[in-house]
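Take a look at the structure below.
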Amino acid sequence: MKEKTAIQELIKGIWDENPVLVQLLGLCPTLAVTSSAENGLAMGLAATFVLLCSSFLVSMFRKMIPGQVRIAAYIVIIATFVTIADRFLAAFVPDISKSLGPFIPLIIVNCMILGRQEAFASKNGIGRSLLDAMGMGLGFTITLLVLSSIREILGSGTLFGMRVMWESFAEWGVMTQAPGAFITLGCLIAGANWINARRKA
Amino acid sequence: MNSTAKIIIVLTLITVISGGVLAVLDTYTKPRIEAYQNQLKKEAVSEVLPDNVKVETLEKNNLTYYKATKNNKVVAYAFQVSGGGYQSELVVMVGVTADFSEIIAAKIISQVETPGLGTKIEKDPSNKEHPTWFMDQFKGLKINPAITYVKNAKPSKDTEVQAITGATISSAAIVDILNKQIKAAKAIIGE
Chain A
1 MKEKTAIQEL
11 IKGIWDENPV
21 LVQLLGLCPT
31 LAVTSSAENG
41 LAMGLAATFV
51 LLCSSFLVSM
61 FRKMIPGQVR
71 IAAYIVIIAT
81 FVTIADRFLA
91 AFVPDISKSL
101 GPFIPLIIVN
111 CMILGRQEAF
121 ASKNGIGRSL
131 LDAMGMGLGF
141 TITLLVLSSI
151 REILGSGTLF
161 GMRVMWESFA
171 EWGVMTQAPG
181 AFITLGCLIA
191 GANWINARRK
201 A
Chain B
1001 MNSTAKIIIV
1011 LTLITVISGG
1021 VLAVLDTYTK
1031 PRIEAYQNQL
1041 KKEAVSEVLP
1051 DNVKVETLEK
1061 NNLTYYKATK
1071 NNKVVAYAFQ
1081 VSGGGYQSEL
1091 VVMVGVTADF
1101 SEIIAAKIIS
1111 QVETPGLGTK
1121 IEKDPSNKEH
1131 PTWFMDQFKG
1141 LKINPAITYV
1151 KNAKPSKDTE
1161 VQAITGATIS
1171 SAAIVDILNK
1181 QIKAAKAIIG
1191 E
């Protein structure tokens, strides 16, 4: 396979290798916290922060970490940054921290992040790993933002807490709950596959 | 260097550095997090007590409560009650008159109920003029013999509130928590 240019490395995570829509990784937070656009955005940004910092460190020390314990080492590095993100949110934006609840600590086991360390950062230089992490993080954040916006608009009639639907609009309560997350995500993945199939044809 | 030693050294180093970083971070964030929680509690206490009173924080039998006095006369008490809702723990700050006959006001401190249904106990976006109507029903509500709730109808008694459609369990949980724990607090505070 031909070496990717820097730009290609960055944008592959947004569409071609989108962590949620194509790789189907990190679905737990994707489904659980996307009941409002604010939560979706905060989760996306927190995961991107953890991914960027972890990829940087893993890539920097990739030759020093022995192969047998690499997963354990990655988990400790990821957990450190997750805890930093969690404490930071609790101290400076407590409302968001409250509504994301246990899902920030659960970023530790988000397979998108561990997957990028194993599949990319442990085999590539710092520059490329950062581009890769940035792209994947962006792809994850954008997908979560789209998913949570659809759910908030249909489920609560609002977007970022502001009313966007007409007065008599009856909220689809199911969209704010788990089934709504599955239905919306299914539609998004189907849509992404449909577009990709048409592009190939 | 043999590989076992290398594994031990690398993993130890990583975890020690990680622990150190987090310990330093904690000294910065902890006071902020605690200050925020204390402030929330303080705001809630002053919201459920009458205006222009002197508030004293007291503790008895593991119950922290707030005594409100006006001209050296006890006019009200506030304390925190909590219990299981539909899917989360409900924590409520409640203020009652000094004789424990009437609720002055009750305010939810924390809840993680079903978004769009149970969360209406705190804020109901479908009622635009009065999103906090559910908890506001407790203002001036009589406690004895017991608080009750009705569904799909306006309350007809001075001990009655209207439950939220689609969130009966969360509504009932609030009523139940208040009924039981106000009596329990009365037994502790009422010397």
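Protein sequences, first through last, are from chains A and B. 2 is the number that our numbering gives to position 2 of the first sequence; each next residue is one higher, with no gaps. Numbers in our numbering are just positions in the second sequence, counted from 1, shifted up by 1000. We put the beta carbon where it would ideally sit given N, CA and C, even for glycine.
- Listed in chain order, the non-local C-beta contacts of A/Phe182 below 7 Å within the same chain comprise Leu31, local neighbours out to five positions each way being set aside.
- For B/Thr1097 and B/Asn1061, the gap between their C-alpha atoms comes out near 21 Å.
- In the DSSP annotation of this structure, the continuous segment of the beta strand (DSSP E) that includes B/Leu1063 starts and ends at 1063-1070.
- Contact with chain A is absent for B/Lys1041, since none of that chain's Cβ atoms lies less than 8 Å from the residue's Cβ.
- For A/Glu152, the enclosing alpha helix (DSSP H) covers residues 126-156.
- No Cβ of chain B is located within less than 8 Å of the beta carbon of A/Ala201.
- Excluding residues up to 5 positions away in sequence, Leu147, Ile150, Arg151 lie with their Cβ nearer than 6 Å to the Cβ of A/Thr184 in the same chain.
- Taking CB atoms only, A/Phe88 has a neighbour in chain B less than 8 Å away.
- Nearest in C-alpha terms to B/Ser1018, of all of A/Leu10, A/Leu154, A/Ile75, is A/Ile75.
- When only Cα atoms are considered, B/Thr1119 and A/Ala42 end up about 20 Å apart.
- B/Val1091 carries a strand assignment under DSSP once its states are collapsed to helix, strand and coil.
- Contact check between the segment 86-96 of chain A and the segment 119-139 of chain A: fewer than three CB pairs, one atom from each, fall below 8 Å, which does not count as touching.
- At least one CB of chain B lies nearer than 8 Å to the CB of A/Gln68.
- Residue pairing for B/Glu1059: DSSP places it in a beta bridge opposite B/Thr1064.
- Taking a contact as a CB-CB distance under 8 Å, the pair A/Ile126 and A/Ser59 counts as one, their CB atoms being some 5 Å apart.
- Beta-bridge annotation (DSSP): B/Tyr1149 is paired with B/Val1161.
- Spatial neighbours of B/Ala1078 in its own chain (CB-CB distance under 6 Å, excluding positions within 5 residues in sequence) are listed in chain order as Val1045, Val1048, Leu1049, Tyr1066, Gly1095.
- Per DSSP, the continuous beta strand (DSSP E) segment holding B/Tyr1077 begins and ends at 1073-1084.
- Comparing alpha carbon positions, the residue from A/Thr141, A/Gly155, A/Ile77 closest to B/Leu1022 is A/Ile77.
- Checking the DSSP bridge columns, you'll see A/Leu159 partnered with A/Met162.
- Neighbours of B/Val1081 in chain A, taken as residues whose beta carbon is under 9 Å from its own, are absent, since the nearest beta carbon is some 19 Å off.
- Counting the other CB atoms within 10 Å of its CB gives A/Arg163 a total below 16, which places it among the exposed residues.
- For the pair A/Leu25 and A/Met134, the CB atoms are not nearer than the 8 Å cut-off.
- For A/Phe140, the number of other beta carbons within 10 angstroms of its own is at least 16, and it is reported as buried.
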